[in-house]
Amino acid sequence: MGQLISISVAFFSNTILKMDTLTSVMKKNLK
7 MGQLISISVA FFSNTILKMD TLTSVMKKNL K
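Residue numbering for the sequence shown follows the working numbering, beginning at 7 and increasing consecutively.
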């Protein structure tokens, strides 16, 4: 059960990291 939680947390943080990268790329394109 604990392993499943750590996997979902890793997946969640990875998704946030991708969103953050996408946001910074979009900001660079707007400038």
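Ideal Cβ placement from N, Cα and C applies to all residues, glycine included.
Could you name the residues of the same chain whose beta carbon sits closer than 7 angstroms to that of residue i, not counting the 5 residues immediately before and after it, in chain order?
| i | result |
| --- | --- |
| serine 30 | none |
Ignore the nearest five residues each way along the sequence and tell me which others in residue i's own chain have a CB closer than 6 angstroms to its CB.
| i | result |
| --- | --- |
| asparagine 20 | none |
At a cut-off of 7 angstroms, would you count residue i as near the ligand FAD, judging by its Cβ distance to the nearest heavy atom?
| i | result |
| --- | --- |
| isoleucine 11 | As for the ligand FAD, it is missing from this structure, which has no ligand bound. |
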